[in-house]
Amino acid sequence: MIDPQILRTDPERIRESQRRRGENVDLVDDLVAADVTKRAAQQEFEDLRGQQNTLSKQIGPLQGTLKQAADAAARAQVQSRVDVLMANASALADQVKTAEATFNAASEAADLLVLQLSNLVNLDSPVGGEADFKILELVGTPRDFAAEGFEPKDHLDIGERLGAIDTGRGAKVSGARFFYLVGVGAQLEFALLNLAMQQAMGNGLIPIITPTMVLPGAMEGTGFLGQAAENVYRIESDDMYLVGTSEVALAAFHGDEIIDADQLPLRYAGWSTCFRREAGSYGKDTRGIIRVHQFDKVEMFVFTSPEDAEAEHQRLLQWEKDFIDALEIPYRVIDVATGDLGSSAARKFDIEAWIPTQGTYREVTSTSNTTEFQARRLKIRMRAGKEVRPLATLNGTLCAMPRIIVAILENHQQADGSVRIPAALQPFLAGQQVFTPKV
RNA sequence: GGAGGCGUCGCCUAGUCCGGUCUAUGGCGCCGCACUGCUAAUGCGGUUUGGGUUUAUCGCCCAUCGGGAGUUCAAAUCUCCCCGCCUCCGCCA
C-alpha cells in the first residue's frame, strides 16, 4: 500500500511509477475519484452520527432524573422530554444507518483499488521489462572447460552420478518439478544451511524458523495475492496458503505492531521450505532442479526506518555477495528493471550465478527494498519520539538451496565427475574436500 | 475432537450480573514541569490507535474494550457467529 497522502498531493508521481512498471495508469485516476467519494461519504456519516450521539447523551442523565423525580407531575414532564429526544434520535438513526452503508461501500471500493496499486518504483531502477536489467558488477571468471580439456556436465548428470539428486523418484512420488536430495546431496544442503546461518549470525541477524502455512492476511499483506497469486498454493479446505518464501511469515511476524525506533533495525535470517506453483513456466527449466515446486531457503529480512532503507538494501546485497564469494562461484549483479520488480518492490538487485552448461548467468539471490509498502498493509509501524509512522521492510535471499547446489556442482566439477568442495563449506562436511561419483 | 475458564487504550487491573454521569478506574512504565549539589524520592500534569477536518498552531468530530454481525435513541455491558489464550480429558511426533 502506498501513502494515501500522495494520492491527494501528487498523483502524477504514482502515474509515472505505473508507467515505468508498465501497469495500469488509469487506476490512479479511478483511485483519486474513489478517495474523494469516500471522504465525502465519511463526512456525511460522521456528521449524522455526531448529531445522534449528542441527542443520545442527553437521554442518560434524564433517565436518572426520572427515577429521582419527587412526584408524578415532575416525572411526566421529564418523561415528555425523554420522549421527544428519543423520537428525534430515532429518526436520525435511520439516516445514520443509510449514511454508514454508503460510506462503507465507498470505503471498500477505494480499498479494493488501493490494493491493486503496486509500490512506487525507485527512480534509479532501469526502466523496461525483464530483459532491460542493468549489469552492475561482474565477479569472478567462468572456467574455460575447453582449455581444461573436458566438456562440463550439467548439474543433474553430476548429481545423479554422486547419488545426490534424484528427480526420477521425485516425479514418481510427487510429480514433475519435485526431487530428492540424497546422501551427499542432503549433506550439502545441511552444510549450506550451516554456513549461511553462521554468516548471518556473525552479521548480527536473528536466526528464525518460520511457519510455511499462513493465513490470507499474511499473503495479502506481503503483496503475493496480486499478480503473483497464480504461483501460490492455496489450501482450500482450511483457507490457508503455502508460502513461496519465508519473507511472508517474516514480514507478518511483526504485523500490527509498533516498534520503538531504538529497536531498529531488526534483522532476521529465516529458514523455511518454499512452495511455488510455477504456473506459466511450462517447458522452462524442466530438467534438473533449477525450477522446482518445493525447496528450502535461508532468507534475510529487515525492519528499519524508511530513511535507512536504501543503505540497508546495499548491506543485504553485500551479504549476499559475501556468501556467493565464499562458495567461489562466478556471478554478476543486476539492477532489475521496473517491469520485473513485482508489486511490492521499489527496487531489486539480483545475483546471477554462472551456469557453465547453460553458458549464462541464472538468478540465485534477489534482494528487494519494499519501502513502506508491506508495512502499511501489515500495519507495522515505528515509534520515533511522539511520532508513529510506517517503517520500511527489506528482504534478501541468502541461500536458495537448489540453485546454489546447481551452481556448486556445475562450477566445481572435475573431469572425473567429482566435485571440489569450496573451503568455506568443508568445516560443515566433516572436512571432505571432494565429492566423488558412486558409479 | 470434548468440557470449562478467559480476552479492557505498552504491561497489570476495575467495570460486564441489572445498557446511559464510562469522556473506561487504579497501579507500573514512559514523557514534561516543579522541588532538590547530582541521583533518588516526592508533587503536579500528560500518555491507545486509526481516520476525517483544520494545519501556523490550539482544537473539533468519528471510530476503537479480541474480530464480525445483530438488538437499541444508546453497547465494554445484551444476543449470535468467528478467532486466540489457559486448564482438564482424548488423540498424537
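Oh and the first sequence: position 89 is 881 in this note's numbering, straight run, nothing missing.
Every residue gets a Cβ at the ideal spot worked out from N, C-alpha and C, and that includes glycine.
None of the values given here were measured: they were computed from a predicted structure.
Under a three-way DSSP split, which group does residue i fall into?
i, result
"aspartate 888", "Here residue 888 is valine; the residue named in the question, aspartate, does not match the sequence. Residue state, collapsed to three classes: helix."
"threonine 1163", "coil"
"glutamate 1028", "helix"
"glutamine 1205", "strand"
"phenylalanine 1227", "strand"
"asparagine 1023", "helix"
"asparagine 1187", "strand"
"proline 999", "strand"
"lysine 1171", "coil"
"leucine 1034", "strand"
"alanine 1043", "helix"
"methionine 989", "helix"
"lysine 1178", "coil"
"valine 824", "helix"
"phenylalanine 1016", "coil"
"methionine 1011", "helix"
"threonine 829", "helix"
"serine 1158", "strand"
"threonine 1152", "strand"
"methionine 1193", "helix"
"aspartate 818", "helix"
"aspartate 916", "coil"
"valine 876", "helix"
"valine 974", "coil"
"isoleucine 798", "helix"
"aspartate 903", "helix"
"aspartate 1048", "coil"
"isoleucine 1213", "coil"
Please name the residue, chosen from the options, that lies closest to residue i on a Cα-to-Cα basis.
i, options, result
"isoleucine 1051", "Ala956, Ile1172, Phe1093", "Ile1172"
"glutamate 1102", "Gln844, Met878, Leu915", "Leu915"
"glutamine 844", "Asn880, Asp822, Ala825", "Asn880"
"leucine 948", "Ile1213, Ile1197, Leu1034, Leu1217", "Ile1197"
"serine 1038", "Arg1175, Asn986, Val1006, Ile798", "Val1006"
"leucine 1058", "Ile1143, Gln1019, Ile1121, Pro999", "Pro999"
"phenylalanine 937", "Met989, His1204, Ala1145, Ala1216", "His1204"
"alanine 1137", "Asp802, Val913, Gln871", "Val913"
"leucine 973", "Ala983, Pro1214, Thr959, Lys964", "Thr959"
Rounded to the nearest angstrom, how far is the Cβ of residue i from that of residue j, given a contact under 8 Å?
i, j, result
"methionine 1092", "asparagine 1187", "7 Å"
"glycine 1190", "glutamate 1112", "Contrary to the premise, residue 1190 reads as leucine rather than glycine in this sequence. The Cβ separation is near 7 Å, so the contact holds."
"isoleucine 957", "isoleucine 1082", "At roughly 11 Å, the Cβ-Cβ gap does not stay under 8 Å, so isoleucine 957 and isoleucine 1082 are not in contact."
"proline 1008", "aspartate 1031", "6 Å"
"histidine 1085", "phenylalanine 1227", "Between phenylalanine 1227 and histidine 1085 the Cβ distance is about 26 Å, and since that is not below 8 Å, they are no contact."
"tryptophan 1063", "isoleucine 1116", "So it is not a contact: roughly 18 Å between Cβ atoms."
"serine 1135", "glutamine 1019", "6 Å"
"arginine 1168", "proline 1148", "At roughly 43 Å, the Cβ-Cβ gap does not stay under 8 Å, so arginine 1168 and proline 1148 are not in contact."
"arginine 812", "valine 919", "5 Å"
"arginine 953", "glycine 1209", "5 Å"
Query raised in the report: Can you list the alpha helix (DSSP H) stretches of 4 or more residues lying completely in the segment 924-972, in chain order?
Result: List check, alpha helix (DSSP H) in window: 937-940, 947-953, 959-966.
Report task. Note down, one range per segment and in chain order, each beta strand (DSSP E) of at least 3 residues found wholly within the segment 1050-1131. Result -> Whole beta strand (DSSP E) segments, 3+ residues: 1050-1052, 1058-1067, 1086-1096, 1123-1127.
Requested in this report: Report yes or no: do the segment 1099-1111 and the segment 891-904 share at least 3 C-beta pairs separated by less than 8 Å?
Outcome: Too few Cβ pairs lie closer than 8 Å, so no.
Query raised in the report: Is it true that the segment 1125-1134 meets the segment 922-931, where meeting means three or more beta-carbon pairs spaced less than 8 Å apart?
Result: The segment 922-931 and the segment 1125-1134 touch, with three or more beta-carbon pairs separated by less than 8 Å.
**Report entry** Contact between the segment 983-1003 and the segment 874-893 (3+ Cβ pairs under 8 Å)
**Finding:** Contact fails: fewer than three Cβ-Cβ distances are below 8 Å.
Requested in this report: Inspect the CB distances between the segment 1173-1181 and the segment 1008-1024 and report whether three or more fall short of 8 Å.
Outcome: With a cut-off of 8 Å, the segment 1008-1024 and the segment 1173-1181 do not count as touching, because too few Cβ pairs lie within range.
Query raised in the report: Do the segment 1094-1101 and the segment 1116-1130 make contact, defined as three or more Cβ pairs closer than 8 Å?
Result: The segment 1094-1101 is not in contact with the segment 1116-1130.
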